[in-house]
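To keep things clear, I will list the structure first and then write my remarks on it.
Residue numbers (our numbering): 155 to 273.
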């Protein structure tokens with residue numbers, strides 16, 4: 155399966171359940187791998203036949219500006235759903251990392267995989 159990926163996309167996000175997490179956005183790191191919907195791009199060499207990672211990044215940035223999340227799991231699931239619904243990826247893997255939230259851990263986070271249901 156052919157994929158595109160975005161690694162270490164660092165963006166501010168309103169995320170967290172604790173009171174101190176609700177007073178300011180936190181920096182999260184997003185890794186996403188999306189299976190291409192078709193292999194047409196290899197014949198056409200046109201961006202319209204692939205997933206434009208610049209558009210994906212902008213969509214994630216916009217979502218993080220407008221929405222709040224209690225759990226990193228919820229954020230990862232939302233990004234995966236966007237990849238499946240809006241970019242028609244048949245399979246997506248999303249990792250969300252919260253940086254510097256635990257004294258003894260450099261990073262904490264979640265990794266999820268989702269598959270588009272058969273239509």
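Backbone N, C-alpha and C define an ideal beta-carbon position, used for all residues, glycine too. Source: prediction; values computed, not measured.
Roughly how far, in whole angstroms, is the beta-carbon of residue 242 from the beta-carbon of residue 155, given that I think they are within contact range, below 8 Å?
Within the chain shown, residue 242 is the residue found at index 88, counting from 1. Within the chain shown, residue 155 is the residue found at index 1, counting from 1. Not a contact, Cβ separation roughly 14 Å.
DSSP three-state call for residue 192: helix, strand or coil?
Counting from one through the chain shown, the residue named residue 192 turns up at place 38. Correct three-state label for residue 192: coil.
Just how far apart, CA to CA, sit residue 249 and residue 164?
Translated into the one-based positions of the chain shown, residue 249 becomes position 95. Translated into the one-based positions of the chain shown, residue 164 becomes position 10. Their Cα atoms are separated by approximately 12 Å.
What is the rounded straight-line gap between the Cα of residue 145 and the Cα of residue 270?
The structure shown does not extend to residue 145, since the chain is modelled only from 155 through 273, so no value can be given for it.
Contact between the region 223–234 and the region 167–176 is defined here as three or more beta-carbon pairs at a separation below 8 Å; is this criterion met?
Touching, per the Cβ criterion.
On a Cα-Cα basis, can you pick out the residue from 254, 191, 263, 158 that is closest to residue 229?
As a working note, residue 229 is residue 75 in the chain shown. The residue with the shortest Cα to Cα distance from residue 229 is 263.
So which of 252, 251, 217, 253 has the shortest CA-CA distance to residue 277?
Because residue 277 is not part of the residues shown, which for the chain are 155 to 273, the question remains open.
Give me whichever residues DSSP pairs with residue 241 in a beta bridge.
As a first step, residue 241 must be located in the chain shown, where it is residue number 87. DSSP, once it has assigned bridges, lists no residue as partnering residue 241.
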